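One structure is given below, encoded as structure tokens.
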Amino acid sequence: MGLPKFNYVAPETVQEACQILEKLGGQAKVMAGGTDLLIKMKHGALRPKTIVGLRKIKELRKISFRKNQGLFIGAMALLEEVASHPKVKKLYPAVAYAASQTATVQIRNMGTVVGNICNAAPSADNIPSLMAFGAELIIASPNGERRILLENFFKGPGEVNLNRGELVKGVLVPPPPEGSGVSYQFISQRSKVDIAAVCVAAMVVIDKGRTRDVKIVLGAVAPTPIRALEAEGLLRGKKLADRSIQKAAEQASQEARPITDMRATSEYRRLMVAVLTKRALLEARQMALAS
Ligand SMILES: Cc1cc2nc3c(=O)[nH]c(=O)nc-3n(C[C@H](O)[C@H](O)[C@H](O)COP(=O)(O)OP(=O)(O)OC[C@H]3O[C@@H](n4cnc5c(N)ncnc54)[C@H](O)[C@@H]3O)c2cc1C
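Numbering (the numbering used here), first residue to last: 6 to 296.
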């Protein structure tokens with residue numbers, strides 16, 4: 006199966022890229038590493054007339070950290086660069102871990118974290134931990150920029166909240182609060198390279214022995230990554246005891262809406278949500294208490 010014919014343009018600024026996207030509308034697609042896009046085109050699932058490559062836009066390659074603003078991951082920062090970045094490893098270990106567990110070393114040196122987000126697969130490895138950290142996306146258009154919480158970005162599998170002329174410039178992850186921990190857990194059925202059958206991220210902030218904040222994010226068990234809000238409610242303001250963690254894990258599994266497919270049955274997925282939520286909360290608690 007070969008690639009269909011397409012035009013390729015490589016703008017040198019974000020502004021230029023947005024203007025091209027505005028002019029061409031649905032006929033154009035942004036390309037970062039191409040590890041999802043080109044495969045979909047080969048399979049005939051996408052047929053853009055023009056690909057807008059971002060590789061010449063140098064500012065998009067940036068990964069930076071500022072104490073009061075947090076971490077910025079540019080749209081062209083590679084998965085491998087995020088996985089091995091010293092500040093990401095130290096301050097956002099769940100983000101580095103998720104990137105390091107995505108695909109293979111070859112794919113991680115082509116594909117990007119932002120591409121993983123914009124591809125909007127319910128199972129995407131990099132979304133849950135970023136959502137748990139409360140990340141926002143910076144979206145550029147010919148008229149300027151806007152921000153959106155990552156958890157509000159997804160409309161369905163492969164569908165995101167981007168308007169004509171817009172592209173994602175990068176992800177902004179707030180500074181981790183004091184006393185916080187974030188853990189990412191996943192399970193793949195077939196092999197290490199396979200995408201996750203279920204993935205979970207949990208974030209807790211512990212203050213004077215009580216859970217001041219908590220987020221539980223479930224992947225691959227609904228059309229988009231979702232928060233297990235009722236499970237979070239069971240923990241907020243309470244002591245994070247083993248028994249409460251078990252109850253929250255069981256509640257999270259009730260909030261999942263899994264399907265059966267080639268990777269797992271819905272029953273298995275539901276069971277694994279409870280197992281992985283418990284593991285994630287336990288690890289997040291340990292990290293929070295050690296911080
Ligand atoms: C063998 C193999 C194994 C894989 N394993 C995994 C895995 O284990 N876990 C996992 O989560 N994924 C996996 N993937 C999927 C893929 O590699 C990742 O999703 C990757 O991070 C995509 O990044 P990219 O830069 O290649 O995106 P691209 O393919 O360039 O883009 C993906 C989509 O996002 C859009 N897009 C990209 N950047 C932007 C932007 N800045 N603004 C707006 N839209 C944008 C594109 O138009 C396209 O629709 C695997 C893929 C392969 C081929």
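By construction, the Cβ of each residue, glycine as well, lies at the ideal position given by its N, Cα and C atoms. These numbers were taken from a predicted model, which means no experiment stands behind them.
Got a sec: does ligand 1 put a non-hydrogen atom nearer than 6 Å to the Cβ of residue i?
i    : result
G214 : no
T107 : yes
K47  : no
V35  : yes
N124 : yes
I112 : yes
T117 : yes
T40  : yes
D130 : yes
N157 : no
N121 : yes
V173 : yes
I62  : no
I143 : no
In the DSSP output, what is residue i paired with across the bridge?
i    : result
C123 : Paired residues: none, contrary to the question.
L240 : Note: L240 sits in no beta bridge, so no partner.
F70  : L76
L224 : The sequence given here places Gly at residue 224; Leu does not occur at that position. C204.
Q190 : V205
Y13  : I56
T308 : Residue 308 falls outside the range modelled here, since the chain spans only 6 to 296, and no answer is possible.
L177 : F77 and E141
R290 : For R290, which the question treats as bridged, DSSP gives no partner whatsoever.
E150 : A145
A33  : T55
I159 : The sequence as given places Phe at residue 159; Ile does not occur at that position. Its beta-bridge partners are V165.
I think residue i touches residue j, with their Cβ atoms under 8 Å apart; what is that distance to the nearest whole Å?
i    : j    : result
P147 : Q24  : 5 Å
V203 : F191 : 7 Å
N93  : I68  : One detail in the question is off: residue 93 reads as Val in this sequence, not Asn. Right, the Cβ-Cβ distance comes to about 7 Å (below 8 Å), so this counts as a contact.
L172 : A145 : 6 Å
Specify whether the segment 284-293 and the segment 200-214 touch according to this definition: at least 3 beta carbon pairs, one from each stretch, less than 8 Å apart. yes
Cβ pair count under 8 Å reaching 3, the segment 44-51 against the segment 7-16: yes
Could you check whether the segment 95-115 touches the segment 76-86, counting it as contact only if at least three pairs of C-beta atoms, one from each stretch, sit closer than 8 Å? yes
Are three or more beta carbon pairs between the segment 215-228 and the segment 270-290 nearer than 8 Å? yes
Indicate whether the contact test is met: 3 or more Cβ pairs, each with one atom in the segment 224-236 and one in the segment 151-162, closer than 8 Å. yes
For a minimum of 4 consecutive residues, which ranges assigned as the alpha helix (DSSP H) are wholly contained in the segment 82-137? 84-89, 91-96, 98-105, 110-113, 118-123 and 132-137
State whether the segment 271-279 contacts the segment 239-248, with contact taken as three or more CB pairs (one from each stretch) at a distance under 8 Å. no
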